[in-house]
Amino acid sequence: MRWTPRDVAFALAIASALLAIAWPAFEARFSACPLGYGAKTTGPARARHHSTDAERDADVTTFANCAVGDAGAIKDITVSRHGRIIAVEDVPSTRFGVVLDCGGRALRSGFVDAHAHVVTGGFALDALDLRGVRSKEEFIETLARAIDAGKEKWVLGHGWDETSWGGETPSNAWTRGDERFVGAKVWVTRTCGHVGFASEAALEIAKITGAKTVIAGGIVELDDEGAPTGILKELATAAMSNAVPKRSRSERDEAFKRAFEYLLSKGITTVGDFGDIESLVAGADGYAQLWEDFETLERWDAVGDLPIRITSYMPLGDWASVQSHVAWNSGWTRENETAASRVRLGGVKAFLDGSLGGRTAAMMAPYLDDGSTSGHLMYPRGKREKILRKQATLADAAGLQIAVHAIGDAAVEQALELLASIERLDVIALGRGVSSVFRRPSVQRHETLALRW
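Letter by letter, the sequence shown follows residues 21 to 473 in the working numbering.
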């Protein structure tokens, strides 16, 4: 007897129907795991088998009385030490591990801040806060009060924004002749962190005079008579960082702790940390401080005193140190997996330009409100750009993730050219960065390189 295609189709249909009818009984009889895995239970699940109650309790945390779902039903949530939810159930008679009472409130996963300068933020939290200043007069009076309160000490602050009072940037001309500012040492940074204002006394300590108008990679603004106005941009701010008294290890530790407390108060439990800004603008002279900070985080993590997770990035110029560091070569630091350690090395970062607010973001055309500038490339075309490409190529070949700060469209274009120049176009390693302005041709080129913003 020869089977036709129709006969085969009919037989398969009959077999499928019989299997569907018999499957429930077959599954109940033969499919159960002899160890019980996969079976429905009424008790709490466990992360793993435990030989003692003490071992079990050290392995889990129970968040009790949590509001779950849109209806806000009160449940207990049991979580393993690796952060995995292993049970969600009605309030049981017995709770395991460390018990934290949510008091009927909702429980949310911690937020992630992918781009932070943690210790810099900690310093800012203890400095003069200028974020609320709304006029030139208020700026002057706020500084004067701080000078009076600090007597002979430096006045350090952060957060001013000239757009809050009409657009005129601070100048020492504002306070010239004001006795309150005579000899006062003031250094206050703009909200973007790429620009700062220094008093005349501070400029003298930093040895910034009318004759010294050029600092490699930075800008010293001058008035019509050729004297510094007090405004320093990009790497020129390093001169002030060197002039300000160096902070002690204990002061840096306290800054970290202030930052941790602030982050946790906002629900942020994980950050990408790109290092202390003062150390970054110092170039190679700042590498040792960045590593000292990282080793402090490692030390706290080793004894369980690090309250958040931190992925640290070092400057691109120090890629060889990252590649050889034990934290990179431990293996897990490069993998997308849960680990007991809360600190790891994520890779390296290159700064290609500045900020839009400071008018240092590198643009293809001059700024509409300041036709004298189109921004500032940290690696101008020529010798400096060749150094950038060499460092990026070596870092990529070492398997390091490369983060890029590129705000203006000219910097974005340079970043794309950098990507194209690397032989191994590693989508994971390069292409994650910070950008604010880009032209349509840049977007098209980015798509051609098989990347996404």
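From the three backbone atoms N, C-alpha and C, an ideal C-beta is built for every residue, glycine too. Quick caveat, the model's predicted, so the values are computed rather than measured.
Counting only runs that start and end inside the stretch 164-198, the beta strand (DSSP E) elements of at least 3 residues fall at 175-180.
In this structure, the beta-carbon distance from residue 176 to residue 279 does not fall below 9 Å. Pairing residue 185 with residue 211 gives a Cβ-Cβ distance that is not under 9 Å.
With 16 or more other Cβ atoms inside 10 Å of its own Cβ, residue 314 counts as buried.
Distance from the Cα of residue 109 is smallest, within the candidate group 103, 102, 118, 98, for 98. If you draw a straight line from the Cα of residue 237 to the Cα of residue 223, it is about 18 Å long. Counting every other CB atom within 10 Å of its CB across the protein chains shown gives residue 201 a total of 16 or more, marking it as buried.
In chain order, 87 place their CB closer than 6 Å to the CB of residue 126, counting only its own chain and leaving out the 5 sequence neighbours on each side.
Annotation: the continuous alpha helix (DSSP H) that includes residue 298 extends over 297-301. Here DSSP, grouped into helix, strand and coil, assigns residue 406 to helix. Secondary structure within the stretch 92-132: the beta strand (DSSP E) runs of 3 or more consecutive residues, fully enclosed, are 93-100, 105-109, 118-121 (chain order).
The beta-bridge partner set that DSSP reports for residue 254 consists of 238. Less than 9 Å divides the Cβ of residue 163 from the Cβ of residue 208.
For residue 318, the number of other beta carbons within 10 angstroms of its own is at least 16, and it is reported as buried.
Counting only the Cα atoms, residue 295 lies some 15 Å from residue 329. Residue 138 sits buried, since 16 or more C-beta atoms from the chains shown fall within 10 Å of its C-beta. Residue pairing by DSSP places residue 333 opposite 367 in a beta bridge. CA-to-CA, the gap between residue 196 and residue 246 works out to about 16 Å. The beta carbons of residue 131 and residue 257 sit no closer together than 9 Å.
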